[in-house]
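Asks:
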Amino acid sequence: MIIDDIQAAATILAEGGVVAFPTETVYGLGADALNPDAVAKVFAIKGRPSHNPLIVHVASIEMAKAVASEWPDAAEKLAQTFWPGPLTIVVPKQGRVPSVVTGGGDTVALRMPAHEIARKLIKTFGGPIVGPSANASGTVSPTAASHVTQSLGESVPVLDGGPCERGIESTVVRVAQDSVNILRLGVIGRDEIARVVPVVETHATNDEDPLPSPGMLTRHYAPRTLTRIVDAKDIAITLAQHPNSALLTITPTNLPGAIAMPADASSYAKRLYAALREADAMGADLIIVERPTAIGPIWDAVRDRLRRASAEH
Numbered sequence: 144m145i146i147d148d149i150q151a152a153a154t155i156l157a158e159g160g161v162v163a164f165p166t167e168t169v170y171g172l173g174a175d176a177l178n179p180d181a182v183a184k185v186f187a188i189k190g191r192p193s194h195n196p197l198i199v200h201v202a203s204i205e206m207a208k209a210v211a212s213e214w215p216d217a218a219e220k221l222a223q224t225f226w227p228g229p230l231t232i233v234v235p236k237q238g239r240v241p242s243v244v245t246g247g248g249d250t251v252a253l254r255m256p257a258h259e260i261a262r263k264l265i266k267t268f269g270g271p272i273v274g275p276s277a278n279a280s281g282t283v284s285p286t287a288a289s290h291v292t293q294s295l296g297e298s299v300p301v302l303d304g305g306p307c308e309r310g311i312e313s314t315v316v317r318v319a320q321d322s323v324n325i326l327r328l329g330v331i332g333r334d335e336i337a338r339v340v341p342v343v344e345t346h347a348t349n350d351e352d353p354l355p356s357p358g359m360l361t362r363h364y365a366p367r368t369l370t371r372i373v374d375a376k377d378i379a380i381t382l383a384q385h386p387n388s389a390l391l392t393i394t395p396t397n398l399p400g401a402i403a404m405p406a407d408a409s410s411y412a413k414r415l416y417a418a419l420r421e422a423d424a425m426g427a428d429l430i431i432v433e434r435p436t437a438i439g440p441i442w443d444a445v446r447d448r449l450r451r452a453s454a455e456h
C-alpha cells in the first residue's frame with residue numbers, strides 16, 4: 144500500500160506498526176527501535192534470521208548518542224564528516240536497546256540517512272527506527288516503492304520517495320576509540336574513511352556467529368534465479384551452454400533480451416538491483432552478469448553485492 148503522508152506513517156510507528164520508507168541507499172522497513180515487539184514484526188515480515196542485526200536510523204548525532212553506551216572520538220569524526228549519508232557506525236549499545244535489534248550482540252549499528260523523507264519521518268516519530276531493506280530476507284533489495292510491494296505485498300504501507308539515489312546499501316564500520324574496521328563495503332570507500340580516521344583490517348565472519356553488522360551473510364541480495372558472474376570473454380560460451388539465460392552486460396551487445404548496464408560506477412550501483420529484478424522476472428534458468436573490472440570503491444561494493452547474490456566465493 145503506497146502512502147505519502149509522513150504524519151500517518153509516524154502514527155503507525157508510534158502504535159507499534161511497521162512502515163517502509165525511502166533512503167538514499169535502498170528502501171527500509173521501519174519500526175520503533177526501542178519497542179521489541181515492533182522490531183519482532185520486522186523480522187517476521189522479512190523472514191530474517193534472528194542473529195542478523197538491524198541498522199538503527201537516527202535524525203541527529205544526539206539521537207545516536209542516546210542509544211550508544213560509548214561514543215568514541217572516531218565515531219564523532221565520522222558522523223561529523225559523513226552524516227547524513229550512506230555510512231553506518233557500529234558502537235557499544237545502551238541497555239535500553241532491545242537485544243532483538245542487535246542480534247543478541249552488545250553493539251548497535253547507527254546511521255543518519257540523507258533522504259529528506261527518511262529524516263522527516265524519524266523526526267516526526269520522535270525517536271530512532273530500525274530500517275533493514277524492505278524485502279524478504281536474502282533477496283534483491285528494493286530501490287523503488289513498487290519493489291517493496293512486489294516483495295512484501297500490499298499489506299505493508301510504503302512511503303513513496305521515488306527511486307533511491309545510491310542504489311546499494313551503506314558502508315558499515317565498527318569503531319574503536321581512534322580507529323575503525325570496515326564490515327560492509329559501500330559507496331563511501333576505505334580511502335575516504337582513512338582520511339578521517341585510521342582503518343584497520345577486517346576479519347571474515349562465520350554465518351553462524353553473532354554478526355556485528357547486516358550484509359555479512361555469504362548469500363545475500365540474491366534473485367530467485369540462479370545467478371552467475373562471468374568474465375566478458377566467457378559470456379558467449381556460457382550463453383551457448385545455457386541458452387535460456389538473462390544477461391546483464393556492460394559491453395554493448397545486440398543479443399535479444401540483454402539488459403544494458405552503465406559503465407559509470409555510480410550509475411551501475413543505482414541500476415543494479417532493479418536490473419536484477421528485471422532479469423529475475425524473465426523466467427530464465429540462469430542470470431549471467433558480466434563481471435565488472437573497473438577500479439574504485441563503488442565498484443568494490445558492486446562486486447561485493449554480486450558475489451553474495453551469486454554466493455560466488
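To convert, take the position in the sequence shown, counting from 1, and add 143; that gives my numbering.
We treat Cβ as the ideally placed atom computed from N, Cα and C, and that holds for glycine.
On the DSSP letters alone, give me the boundaries of the alpha helix (DSSP H) that E205 sits inside.
Replies: As a position in the sequence shown, residue 205 is number 62, starting the count at 1. Note, E205: alpha helix (DSSP H), I204 to K208.
Asks: Using the Cβ count rule (16 or more neighbours within 10 Å means buried), how would you classify M144?
Replies: As a working mapping, residue 144 is identified with position 1 in the sequence shown. Flag for M144 reads exposed.
Asks: With C-beta atoms as the reference, is P275 less than 9 Å away from L172?
Replies: Taking the sequence shown and counting its residues from 1, one reaches residue 275 at position 132. Taking the sequence shown and counting its residues from 1, one reaches residue 172 at position 29. Yes, these two residues count as a Cβ contact at 9 Å.
Asks: Assign A529 to buried or exposed, taking buried as 16 or more other Cβ atoms, counted over all protein chains shown, within 10 Å of its Cβ.
Replies: The structure shown does not extend to residue 529, since the chain is modelled only from 144 to 456, so the question has no answer here.
Asks: State the DSSP-derived secondary structure class of D350, mapped to helix, strand or coil.
Replies: One-based indexing of the sequence shown puts residue 350 at position 207. Low local confidence applies: a pLDDT of 48 at D350 is under 50, so the model's placement there is unreliable, with the coordinate-based value given in what follows. The answer is coil: DSSP assigns D350 none of H, G, I, E or B.
Asks: By the 10 Å Cβ neighbour count, where 16 or more other Cβ atoms means buried, how is V343 classified, buried or exposed?
Replies: Taking the first residue of the sequence shown as position 1, residue 343 is located at position 200. Counting Cβ neighbours within 10 Å, V343 comes out exposed, since fewer than 16 surround it.
Asks: Do A279 and L295 count as a contact pair if the criterion is CB distance below 9 Å?
Replies: Within the sequence shown, residue 295 is the residue found at index 152, counting from 1. Within the sequence shown, residue 279 is the residue found at index 136, counting from 1. Yes. Within cutoff.
Asks: DSSP state of I438, grouped into three classes?
Replies: Counting from one through the sequence shown, the residue named residue 438 turns up at place 295. Correct three-state label for I438: coil.
Asks: When you compare the CB positions of P366 and I430, do they come within less than 9 Å of one another, or not?
Replies: Here residue 366 corresponds to residue number 223 of the sequence shown, with the count starting at 1. Here residue 430 corresponds to residue number 287 of the sequence shown, with the count starting at 1. Yes; because the gap between Cβ atoms is below 9 Å, this pair is in contact.
Asks: CB P162 to CB A176, shorter than 9 Å?
Replies: Position 19 of the sequence shown, counting from 1, holds the residue named residue 162. Position 33 of the sequence shown, counting from 1, holds the residue named residue 176. First, the residue type needs correcting, since residue 162 is Val and not Pro in the sequence shown. Not a contact, by the Cβ cut-off of 9 Å.
Asks: Starting from the Cα of G305, find the closest Cα among L326, Q320, I188 and A287 and give me that residue.
Replies: The sequence position of residue 305 within the sequence shown is 162, counting from 1. With distances taken between Cα atoms, G305 lies closest to A287.
Asks: Once the 5 residues before and after G238 are set aside, which same chain residues still bring their CB inside 8 Å of it?
Replies: Position 95 of the sequence shown, counted from the start, is the residue given in the question as residue 238. The answer, listed in chain order, is S212.
Asks: Between the alpha carbons of A183 and K189, how many angstroms are there, rounded?
Replies: One-based indexing of the sequence shown puts residue 183 at position 40. One-based indexing of the sequence shown puts residue 189 at position 46. Computed Cα separation, rounded: 10 Å.
Asks: Along the chain, where does the beta strand (DSSP E) containing L221 start, and where does it finish?
Replies: Here the question's residue 221 lines up with position 78 in the sequence shown. Here L221 belongs to no beta strand (DSSP E); instead the alpha helix (DSSP H) covers D216 to F225.
Asks: Which word fits A347, buried or exposed, when buried means at least 16 other C-beta atoms lie within 10 angstroms of its C-beta?
Replies: For the purposes of this step, residue 347 is taken as residue 204 along the sequence shown, with counting starting at 1. The predicted model places A347 with a pLDDT of 48, which falls under 50 and marks its position as unreliable, so this point remains unresolved.
Asks: Go through its chain and collect everything with a Cβ distance to T267's Cβ below 7 Å, but skip five positions before and after it.
Replies: In the sequence shown, the residue the question calls residue 267 occupies position 124. Cβ within range, chain order: I149, Q150 and A153.
Asks: At the level of alpha carbons, what is the spacing between M404 and A209?
Replies: The residue given as residue 404 occupies position 261 in the sequence shown. The residue given as residue 209 occupies position 66 in the sequence shown. Approximately 42 Å, taken between the alpha carbons.
Asks: Please classify A257: does DSSP put it in a helix, a strand, or coil?
Replies: As a position in the sequence shown, residue 257 is number 114, starting the count at 1. Looking at A257 - three-state DSSP - the assignment turns out to be coil, as it is neither helix nor strand.
Asks: Whose C-beta lies closer than 8 Å to the C-beta of A437 among residues of the same chain, with five residues either side of it excluded?
Replies: Translated into the one-based positions of the sequence shown, residue 437 becomes position 294. Excluding residues within five positions, the ones whose Cβ falls inside 8 Å are A406 and A408.
Asks: Residues bridged to T396 by DSSP?
Replies: Sequence index remark: in the sequence shown, residue 396 carries index 253 (1-based). Beta-bridge pairing links T396 to no other residue.
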